[in-house]
Structures are given as structure tokens and as C-alpha cells.
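Taken in sequence, the protein lines are chains A and B.
Going by our numbering, the first sequence opens with residue 4, and the numbers climb by one from there.
Going by our numbering, the second sequence opens with residue 284, and the numbers climb by one from there.
Comments concern the structure below.
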Amino acid sequence: MKLVVIGAHRERNDIEPVAEAIAVSDLWLSAMLIEESQPLGDRDLLLRVAKTRAALLDRATFVAIRYGFTAHGSSEAIAKCTAHIDRWRRVLHEYRGMVEMTLKVAAAETRARPDRHDFESGAAYIRALHDATRATDVAPEFRKAVDETLAPLAVKHRWSNRDTASLEFAALVKRDDVAAINAAGAVLKRDFPSVPFLFSGPWPLEVFADDHE
Amino acid sequence: MTESSEEELSLLETLDHLLDRGVVIAGEAVVSIGDVDLLYLGLNVVLANVDAIIRTSQPKQIK
Numbered sequence: 004m005k006l007v008v009i010g011a012h013r014e015r016n017d018i019e020p021v022a023e024a025i026a027v028s029d030l031w032l033s034a035m036l037i038e039e040s041q042p043l044g045d046r047d048l049l050l051r052v053a054k055t056r057a058a059l060l061d062r063a064t065f066v067a068i069r070y071g072f073t074a075h076g077s078s079e080a081i082a083k084c085t086a087h088i089d090r091w092r093r094v095l096h097e098y099r100g101m102v103e104m105t106l107k108v109a110a111a112e113t114r115a116r117p118d119r120h121d122f123e124s125g126a127a128y129i130r131a132l133h134d135a136t137r138a139t140d141v142a143p144e145f146r147k148a149v150d151e152t153l154a155p156l157a158v159k160h161r162w163s164n165r166d167t168a169s170l171e172f173a174a175l176v177k178r179d180d181v182a183a184i185n186a187a188g189a190v191l192k193r194d195f196p197s198v199p200f201l202f203s204g205p206w207p208l209e210v211f212a213d214d215h216e
Numbered sequence: 284m285t286e287s288s289e290e291e292l293s294l295l296e297t298l299d300h301l302l303d304r305g306v307v308i309a310g311e312a313v314v315s316i317g318d319v320d321l322l323y324l325g326l327n328v329v330l331a332n333v334d335a336i337i338r339t340s341q342p343k344q345i346k
């Protein structure tokens with residue numbers, strides 16, 4: 004059997020009986036036990052992990068660990084997470100009772116993604132990809148509307164360029180304000196019917212999990 | 284948007300968050316699903332979506 008590690012939590016009660024709880028220092032890791040032979044790309048497993056993640060978030064905010072982290076036993080999981088514990092402790096303390104909401108929006112002007120075959124080295128390709136991504140922007144009136152309607156409801160917010168075709172607005176929101184920010188998102192949808200965007204959440208700490216680095 | 288396409292969108296968004304967000308533990312391989320670019324980083328052998336690496340390398344804009 005192996006463990007698929009899902010997140011880092013403050014309390015054991017935030018995890019059990021939804022998932023396995025593994026003590027690491029004064030924090031807890033949530034995990035799912037799966038057969039050694041089960042491939043991580045298995046669709047049913049992905050859906051099970053996604054459902055477990057949602058059930059865990061219903062209980063309490065946690066730091067999300069990207070899918071793919073597996074361990075053969077709790078001691079291996081603990082060893083691999085030890086370096087992160089101090090930061091997770093600070094993030095979980097500071098953002099207790101908060102969740103993330105995200106808005107993905109298509110870029111105003113899609114830039115061509117660089118073609119790997121046009122570059123002699125991988126480094127040059129990555130640089131070109133980086134430059135093309137950074138140059139992508141959203142329609143100014145839409146960005147202004149987001150900054151004026153969603154941002155004030157967030158404790159913290161952050162715009163980031165996702166790729167050459169889209170951007171993302173991430174908001175850290177108190178759980179009590181989720182309904183209000185969802186309502187603001189619906190107004191945005193009404194006011195900008197021609198702008199393709201997706202407002203979703205709540206999510207665990209993902210974008211803001213890297214704070215305090 | 285129909286109910287089924289909304290459900291599909293919601294599922295895609297859920298999987299995107301699962302596969303593309305959160306803390307990456309050094310030394311762990313992230314699975315590749317579909318046609319995504321993969322990258323090896325150093326001796327820790329972290330496999331990740333190139334777009335995700337570029338995104339996390341951007342300076343944070345905190346307001």
C-alpha cells in the first residue's frame with residue numbers, strides 16, 4: 004500500500020474520518036491509502052482524491068499539496084515534509100478560517116505560444132515562453148471591474164499570468180464572505196457577458212500557500 | 284450553458300486545481316496527463332507542467 008498525501012492541517016479532527024491522519028511535528032498530513040499497483044493517473048483515483056479534498060475543506064482550511072506526492076508509510080511522508088513545516092504552520096495560523104477563490108479569464112489578445120522546434124536550447128524556449136506569458140493581459144475594463152468588485156471582498160488578492168492565453172485572479176477570502184464574493188462574481192458575469200471567464204471556489208490554500216517563503 | 288456542460292466545466296476546474304496547484308514536494312514526480320510539456324529540474328527530479336513553473340517564477344503582486 005502507499006499513501007497519496009493531500010494536504011497539511013492544524014488539527015487531527017480536521018482530517019479523520021475523512022482521510023488518514025499523519026502527525027508531523029505539531030501539524031497533521033491528510034492522506035489516502037491506495038494499492039501499490041494503482042497508477043496515479045487513474046481517473047477514478049483522481050476523482051476520489053478530488054472528492055476527499057472537497058470534504059476536507061468543508062471541515063477546515065488546509066494547505067493543498069499538489070497531486071502526485073506519494074509515500075510508502077508515514078515516516079517517509081514526514082521526512083519529505085519536514086522542511087515545509089514552519090512555513091505551513093505560519094500560513095495555517097494566519098489564514099485560519101479563510102479559503103481561496105479563483106477567476107480565470109481569457110486574455111484580451113491571445114499571443115502565439117512559442118514553438119519548441121524554433122529554439123536550439125530548452126533554456127531559450129523557456130525564456131521565450133516566459134516572455135510571451137508575461138506579455139499577456141486582460142481587457143482593462145474587466146480588470147478594473149474585478150479590482151473594484153471582487154478585490155475589496157478579499158483579505159488578499161493576486162493577479163497572475165497563467166499562460167499565453169489566460170490570466171488568473173486569486174482571492175483569499177474569509178469563509179463568511181464566500182457568499183458575497185460569489186454574488187459579486189455573478190454580477191460580473193451579467194455585466195461582461197462577452198468576456199470568457201470562470202469564477203470558482205472555495206479552494207484550499209494553493210496560491211497563497213507559498214506566502215511566508 | 285447546459286447542466287451537463289456546467290458539470291463538465293466544474294470537473295475540469297476541480298482536476299486543474301488538483302493537478303496544477305498547491306505545494307510541490309521536492310523529489311516527487313507529478314503525473315503527466317494528456318498532452319502537457321514536462322520538465323526535469325535538477326537532481327530532485329521534479330516533474331511539472333512548464334506553464335505552472337513559469338507562473339510560480341513570476342514575482343508576486345500583493346495588494
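C-beta: ideal position from N, C-alpha, C; glycine also.
Source: prediction; values computed, not measured.
Cutoff 8 Å: residue 70 of chain A Cβ touching any chain B Cβ: yes
Proximity of residue 1 of chain A and residue 21 of chain A at Cβ, strictly below 8 Å: In this structure chain A extends from 4 to 216, so residue 1 of chain A is not present and cannot be described.
Delimiting residues of the alpha helix (DSSP H) encompassing residue 139 of chain A: No alpha helix (DSSP H) holds residue 139 of chain A; DSSP gives it neither H nor E.
Chain A within 8 Å of residue 327 of chain B, Cβ atoms only: Interpretation of residue 327 of chain B is limited by its pLDDT of 36, a score under 50 that renders its predicted location unreliable; the figure taken from the coordinates is listed afterwards. Taking Cβ atoms only, chain A never reaches closer than 8 Å to residue 327 of chain B, which makes this a no.
Reference residue 182 of chain A; option with closest CA among A/205, A/198, A/165 and A/168: Restricting attention to A/205, A/198, A/165 and A/168, the CA atom closest to the CA of residue 182 of chain A is found in A/205.
Local conformation of residue 143 of chain A per DSSP, three classes: helix
Closer than 8 Å to chain B by CB, residue 206 of chain A: yes
Nonlocal neighbours in the same chain, by C-beta distance under 7 Å from residue 117 of chain A, ignoring five residues either side: 128, 131, 132 and 135
Residues that DSSP places opposite residue 103 of chain A in a beta bridge: In the DSSP assignment, residue 103 of chain A forms a beta bridge with A/175 and A/206.
Interface flag, residue 291 of chain B vs chain A, CB-CB below 8 Å: With 8 Å as the cut-off, residue 291 of chain B does not count as an interface residue toward chain A.
Where residue 48 of chain A meets chain B, residues with beta-carbon distance less than 7 Å: In chain order: nothing, as chain B lies at least about 10 Å away.
Rounded Cβ spacing between residue 101 of chain A and residue 177 of chain A (contact assumed at less than 8 Å): 6 Å
Chain E residues whose Cβ lies nearer than 7 Å to that of residue 78 of chain A: Protein chains A and B are contained in the structure displayed, whereas chain E is not.
Cβ of residue 56 of chain A within 8 Å of any chain B Cβ: Using a Cβ-Cβ cut-off of 8 Å, residue 56 of chain A counts as an interface residue toward chain B, since at least one Cβ of chain B sits closer than that to its own.
Residue 209 of chain A at chain B interface by Cβ criterion, 8 Å: yes
Cβ neighbours of residue 17 of chain A in the same chain (closer than 6 Å, five flanking residues each side left out): Cβ neighbours of residue 17 of chain A beyond the five flanking positions: 62 and 63.
Test item: CB-CB of residue 7 of chain A and residue 73 of chain A under 8 Å: yes
Nearest residue (CA-CA) to residue 159 of chain A, options A/60, A/184 and A/4: A/184
Pair within 8 Å by beta-carbon distance, residue 272 of chain A and residue 27 of chain A: Residue 272 of chain A is absent from the model: chain A starts at 4 and stops at 216.
Cα-Cα separation between residue 96 of chain A and residue 155 of chain A, rounded to whole angstroms: 22 Å
C-beta contact flag for residue 137 of chain A and residue 164 of chain A at 8 Å: yes
Neighbour-count burial assignment, residue 42 of chain A, 16 or more Cβ in a 10 Å radius: exposed
Candidates A/207, A/19 and A/92, of which the one nearest residue 35 of chain A by Cα: A/19
For residue 91 of chain A, the nearest candidate out of A/110, A/161, A/202 and A/32 (CA to CA): A/32
Residue 175 of chain A versus residue 66 of chain A - alpha carbon distance: The alpha-carbon atoms of residue 175 of chain A and residue 66 of chain A are separated by roughly 13 Å.
Cβ neighbour criterion (16 or more within 10 Å) applied to residue 317 of chain B: Legend: pLDDT at residue 317 of chain B = 48, less than 50; position of this residue unreliable, no value from coordinates given.
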